[in-house]
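A.B. asks: Position one of the sequence shown corresponds to residue 0 (numbering that gives the first Met the number 0), numbered consecutively onward.
One structure is given below, represented as structure tokens, and several questions about it will come after.
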Amino acid sequence: MSYWDELMQTSKNKPVRIIVVGGGISGLSAAHRLSELSAKSGLDTETIVLEGSGRLGGVISSEVTDGLLIEGGPDSFITTKPWALDLCLRLGLESKLIETSDESRRIFVARRDKLVPMPEGFSFAPTRLAPFIFSPLFSLHGKLRMSLDMVLPRRKSKGDESVKSFFTRRLGSEAFNLIVQPLVSGIYGASPENLSVRAALPQFAEMEEKHGSLIMAMRRAAQSRNGAKKKGNAARYNQFVSFREGMRELIDALASSLPEGDIQLNKPVRRIETSGNTWKILTNNNESIDADGVIIAVPTIHAAGLVDGFDPLLGDYLSQIKYASSIVVNLLYKREDISHPLDGVGFVVPQIEGLPISACSFSSLKFTGRAPPETVLLRCFMGEDISKEVHDKDDSYLSGAVHNKLSVLLGITSEPVFSMVKRNLQSMPQYAVGHPERIAQINQRAELYPGMELAGNAYNGVGIPDCVHSGEEAAEKLFKHIERNSN
Ligand SMILES: Cc1cc2nc3c(=O)[nH]c(=O)nc-3n(C[C@H](O)[C@H](O)[C@H](O)COP(=O)(O)OP(=O)(O)OC[C@H]3O[C@@H](n4cnc5c(N)ncnc54)[C@H](O)[C@@H]3O)c2cc1C
Numbered sequence: 000m001s002y003w004d005e006l007m008q009t010s011k012n013k014p015v016r017i018i019v020v021g022g023g024i025s026g027l028s029a030a031h032r033l034s035e036l037s038a039k040s041g042l043d044t045e046t047i048v049l050e051g052s053g054r055l056g057g058v059i060s061s062e063v064t065d066g067l068l069i070e071g072g073p074d075s076f077i078t079t080k081p082w083a084l085d086l087c088l089r090l091g092l093e094s095k096l097i098e099t100s101d102e103s104r105r106i107f108v109a110r111r112d113k114l115v116p117m118p119e120g121f122s123f124a125p126t127r128l129a130p131f132i133f134s135p136l137f138s139l140h141g142k143l144r145m146s147l148d149m150v151l152p153r154r155k156s157k158g159d160e161s162v163k164s165f166f167t168r169r170l171g172s173e174a175f176n177l178i179v180q181p182l183v184s185g186i187y188g189a190s191p192e193n194l195s196v197r198a199a200l201p202q203f204a205e206m207e208e209k210h211g212s213l214i215m216a217m218r219r220a221a222q223s224r225n226g227a228k229k230k231g232n233a234a235r236y237n238q239f240v241s242f243r244e245g246m247r248e249l250i251d252a253l254a255s256s257l258p259e260g261d262i263q264l265n266k267p268v269r270r271i272e273t274s275g276n277t278w279k280i281l282t283n284n285n286e287s288i289d290a291d292g293v294i295i296a297v298p299t300i301h302a303a304g305l306v307d308g309f310d311p312l313l314g315d316y317l318s319q320i321k322y323a324s325s326i327v328v329n330l331l332y333k334r335e336d337i338s339h340p341l342d343g344v345g346f347v348v349p350q351i352e353g354l355p356i357s358a359c360s361f362s363s364l365k366f367t368g369r370a371p372p373e374t375v376l377l378r379c380f381m382g383e384d385i386s387k388e389v390h391d392k393d394d395s396y397l398s399g400a401v402h403n404k405l406s407v408l409l410g411i412t413s414e415p416v417f418s419m420v421k422r423n424l425q426s427m428p429q430y431a432v433g434h435p436e437r438i439a440q441i442n443q444r445a446e447l448y449p450g451m452e453l454a455g456n457a458y459n460g461v462g463i464p465d466c467v468h469s470g471e472e473a474a475e476k477l478f479k480h481i482e483r484n485s486n
């Protein structure tokens with residue numbers, strides 16, 4: 000065999016190398032899907048995950064300390080969007096999944112220093128008549144205004160609109176202020192005045208288009224949900240699930256499903272270059288790695304700088320998505336020091352109440368085993384939209400401020416026996432009005448580079464199932480491209 004033939008043979012035998020930038024749930028889901036596809040197709044691939052920090056998981060961080068299980072980021076995920084649950088089952092995590100108990104699903108709304116139950120069947124709009132009519136949460140005027148949704152005409156324009164404008168138009172300002180604003184704030188940490196209804200809550204925009212009324216659409220959906228059995232894996236689980244030992248279990252299972260050496264920590268990527276079919280990944284540690292494909296699974300504020308060198312316009316589009324910070328304050332109390340029965344999963348706080356928190360979950364009651372018996376772990380969410388002015392205060396100030404408000408709402412008579420503050424800086428993408436158009440621009444530009452895919456919570460949903468879907472979809476698209484090229 001000549002030297003040239005040998006060289007060709009060696010390069011033919013070299014595995015196809017794919018780099019995944021970012022070791023959060025989106026990046027790890029992409030890497031795991033690549034390993035599944037590679038095993039199925041027989042194509043020899045090498046996937047390397049480059050994570051900038053010293054640990055995997057991104058905003059997912061479960062910490063065990065003093066007999067407590069504390070979630071610094073997400074504490075559960077929804078099963079009605081199938082992707083995260085399906086992944087868990089493929090990873091063999093079935094026995095580790097836990098559900099919220101059916102009895103304690105009630106949510107309260109903080110109103111004038113008291114907790115008022117959200118009427119049964121009420122999510123963003125009422126679906127059940129009696130609990131809604133008799134609820135003390137809304138005024139008579141508020142209830143009548145909400146009912147107008149059933150006769151108000153559809154909006155003529157098909158363009159995007161803010162969450163505030165959409166819900167105030169359909170249901171009135173009381174429903175918006177008491178329900179929509181706190182629910183949205185608890186998910187996005189964002190002001191609904193700037194949030195796009197088509198990007199953040201597209202199902203409601205579709206309800207108006209299809210049914211003309213949110214109340215009628217939600218009632219029909221609830222009736223058909225009650226009538227029809229849930230399909231697929233979701234049929235076996237409650238709406239929200241978590242893990243016995245915290246959300247970290249999903250990250251650990253993904254990491255251990257990948258071949259050893261495929262994950263490299265403390266490798267912040269500084270820049271990405273391309274010359275058509277090949278990619279060069281440059282890290283802050285002055286390493287340069289050649290690859291056949293790359294998946295960029297980092298927040299767009301970081302992704303912008305990575306692509307800027309080869310496509311400044313794509314970099315510009317990515318940098319237009321802004322991020323918000325949030326703080327999670329965990330406080331542990333003796334059960335005997337709380338007079339409220341805590342007969343629910345937690346409460347949301349309307350911004351008009353003027354409190355520094357937007358939501359509080361009764362963490363150790365929602366999921367058992369998270370705190371010692373006779374104690375209660377409370378987890379409070381402070382989004383930037385309502386508490387920006389105190390975000391740079393120190394931990395003891397924040398714990399104190401939250402404790403003072405909880406004392407009033409829950410009848411707490413003693414100081415917390417433990418507190419922990421977790422900060423998630425610039426972690427939540429803001430789906431501003433016009434977000435769907437911005438994503439279309441980004442996609443159009445990214446399609447010019449079939450060897451590169453984008454994944455993460457900035458594009459088509461912020462929840463864990465959306466991130467899993469985004470990572471897996473990116474892996475499937477890239478793998479198809481690589482298979483095509485290697486034939
Ligand atoms: C407080 C909070 C509570 C939440 N609660 C829930 C919940 O209960 N349920 C739910 O479904 N969702 C929840 N979410 C949303 C969900 O957790 C996130 O959207 C999701 O985890 C984001 O994952 P990701 O991989 O896209 O991004 P990230 O988690 O941000 O991961 C990105 C990774 O990329 C790394 N990185 C960044 N730049 C570089 C670089 N240049 N080079 C290499 N690596 C880099 C980062 O270090 C990080 O590890 C919550 C979010 C927050 C902040």
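The beta-carbon is built from N, C-alpha and C at its ideal position, and this holds for glycine as well.
Bear in mind the structure is a predicted one, so any value in this text is a computation, not a measurement.
For a test of your reading of the model: does the CB of Ile59 fall under 7 Å from any non-hydrogen atom of ligand 3? Yes or no.
C.D. replies: Within the structure as shown, ligand 3 is missing, the only ligands being ligand 1.
A.B. asks: Looking only at DSSP bridge pairs, what is Tyr332 linked to?
C.D. replies: Looking at the DSSP assignment, Tyr332 forms a beta bridge with Val375.
A.B. asks: Going by beta-carbon coordinates alone, are Leu177 and Leu136 separated by less than 8 Å?
C.D. replies: Yes. Within cutoff.
A.B. asks: Based on DSSP bridge pairs, tell me the residues matched to Leu49.
C.D. replies: DSSP, once it has assigned bridges, lists Val20 and Gln263 as partnering Leu49.
A.B. asks: Could you tell me the alpha carbon to alpha carbon distance between Met381 and Ser398, rounded to whole angstroms?
C.D. replies: Approximately 11 Å between the Cα atoms of the pair.
A.B. asks: Give me the Cα-Cα distance between Pro125 and Ala221, rounded to the nearest whole angstrom.
C.D. replies: Taking the straight line joining both Cα atoms gives about 11 Å.
A.B. asks: Please report the straight-line C-alpha distance between Ser81 and Phe239, rounded to a whole angstrom.
C.D. replies: The residue you asked about is not Ser; residue 81 is Pro in the sequence shown. Taking the straight line joining both Cα atoms gives about 12 Å.
A.B. asks: So, do the region 246 to 264 and the region 27 to 47 have three or more beta carbon pairs nearer to each other than 8 Å?
C.D. replies: The region 246 to 264, when compared against the region 27 to 47, does touch it at the 8 Å Cβ threshold.
A.B. asks: Whole angstroms are fine: how far does the CA of Ala454 sit from the CA of Val297?
C.D. replies: Val297 and Ala454: Cα-Cα distance of roughly 7 Å.
A.B. asks: Would you call Leu312 buried or exposed, if buried means 16 or more other Cβ atoms sit within 10 Å of its Cβ?
C.D. replies: When all chains shown are included, Leu312 counts as exposed.
A.B. asks: Which residue from Glu335, Gln425 and Lys476 puts its Cα closest to that of Gly410?
C.D. replies: Per the Cα distances, Glu335.
A.B. asks: Using a 10 Å radius around the Cβ and a threshold of 16 neighbouring Cβ atoms, would you call His140 buried or exposed?
C.D. replies: Per the 10 Å Cβ criterion, exposed.
A.B. asks: In chain order, what residues of the same chain have a beta carbon less than 6 Å from the beta carbon of Ile69, not counting five sequence neighbours either side?
C.D. replies: Closer than 6 Å at the Cβ level, and outside the excluded window around Ile69, lie Glu62, Asn329 and Met419.
A.B. asks: Can you give me the start and stop residues for the beta strand (DSSP E) that Arg422 sits inside?
C.D. replies: Unbroken beta strand (DSSP E) run through Arg422: Phe417 to Pro428.
A.B. asks: Using CA atoms only, rank isn't needed, just tell me which of Pro258, Leu317, Gly292 and Lys479 is closest to Thr273.
C.D. replies: Of the listed residues, the one whose Cα sits closest to Thr273 is Gly292.
A.B. asks: Considering only residues of the region 305 to 361, which uninterrupted alpha helix (DSSP H) runs meet the minimum length of 4 residues and lie entirely inside it, listed in chain order?
C.D. replies: With a minimum length of 4 residues, the continuous alpha helix (DSSP H) runs that stay inside the region 305 to 361 are 311 to 318.
A.B. asks: I'd like to know if the region 356 to 374 and the region 387 to 394 are in contact, where contact means that at least 3 CB-CB pairs between them fall below 8 Å.
C.D. replies: Contact between the region 356 to 374 and the region 387 to 394 is absent, because fewer than three Cβ pairs lie under 8 Å.
A.B. asks: With DSSP as the reference, label Lys13 as helix, strand or coil.
C.D. replies: Lys13: coil per DSSP, three-state reduction.
A.B. asks: Could you check whether the region 213 to 220 touches the region 15 to 24, counting it as contact only if at least three pairs of C-beta atoms, one from each stretch, sit closer than 8 Å?
C.D. replies: Contact between the region 213 to 220 and the region 15 to 24 is absent, because fewer than three Cβ pairs lie under 8 Å.
A.B. asks: Taking its Cβ as the centre, do 16 or more other Cβ atoms sit within 10 Å of Ser485, making it buried, or is it exposed?
C.D. replies: It counts as exposed.
A.B. asks: Which residue's Cα is closest to the Cα of Met246: His468, Gly57, Glu373 and Ser40?
C.D. replies: Ranking the options by Cα distance to Met246, first place goes to Gly57.
A.B. asks: What residue ranges within the region 82 to 125 form continuous beta strand (DSSP E) runs of no fewer than 3 residues, ordered along the chain?
C.D. replies: As far as the region 82 to 125 is concerned, its whole beta strand (DSSP E) runs of at least 3 residues are 96 to 98, 106 to 110 and 113 to 116.
A.B. asks: For Leu354 versus Lys404, is the C-beta distance shorter than 8 Å?
C.D. replies: In contact: Leu354 and Lys404 (Cβ atoms closer than 8 Å).
A.B. asks: How is Leu42 classed by DSSP in three states: helix, strand or coil?
C.D. replies: Coil.
A.B. asks: Could you give the first and the last residue of the continuous alpha helix (DSSP H) run that contains Leu143?
C.D. replies: Segment Leu139 to Ser146, the alpha helix (DSSP H) holding Leu143.
A.B. asks: With distances taken between CB atoms, is the gap from Ile441 to Leu305 smaller than 8 Å?
C.D. replies: No, the pair does not count as a contact, with Cβ atoms beyond the cut-off.
A.B. asks: Consult DSSP for Ser161 and reduce its assignment to one of helix, strand or coil.
C.D. replies: Here Ser161 sits in strand by DSSP.
A.B. asks: Who are the Cβ neighbours of Asp159 in its own chain at under 8 Å, not counting the five residues just before and after it?
C.D. replies: Ser195, Val196, Arg197, Ala198, Val432, Gly433, His434, Pro435 and Glu436, listed in sequence order.
A.B. asks: Is it right to say Asp65 is buried, meaning 16 or more other beta carbons lie within 10 angstroms of its own, or is it exposed?
C.D. replies: Asp65 is exposed by the Cβ-count criterion.
A.B. asks: Between Val115 and the rest of its own chain, which residues show a CB-CB distance below 7 Å, the 5 nearest in sequence each way excluded?
C.D. replies: Once the five neighbours on either side are set aside, the close Cβ partners of Val115 are Phe107, Val108, Pro135 and Leu136.
A.B. asks: Counting only the same chain and skipping the five closest in sequence on each side, list residues whose C-beta sits under 6 Å from that of Ser362.
C.D. replies: So the qualifying residues of the chain are Arg369, Leu376 and Arg378.
A.B. asks: Is there a C-beta anywhere in chain B that falls below 8 Å from the one on Pro81?
C.D. replies: No chain B appears in the structure shown, which is made up of a single protein chain.
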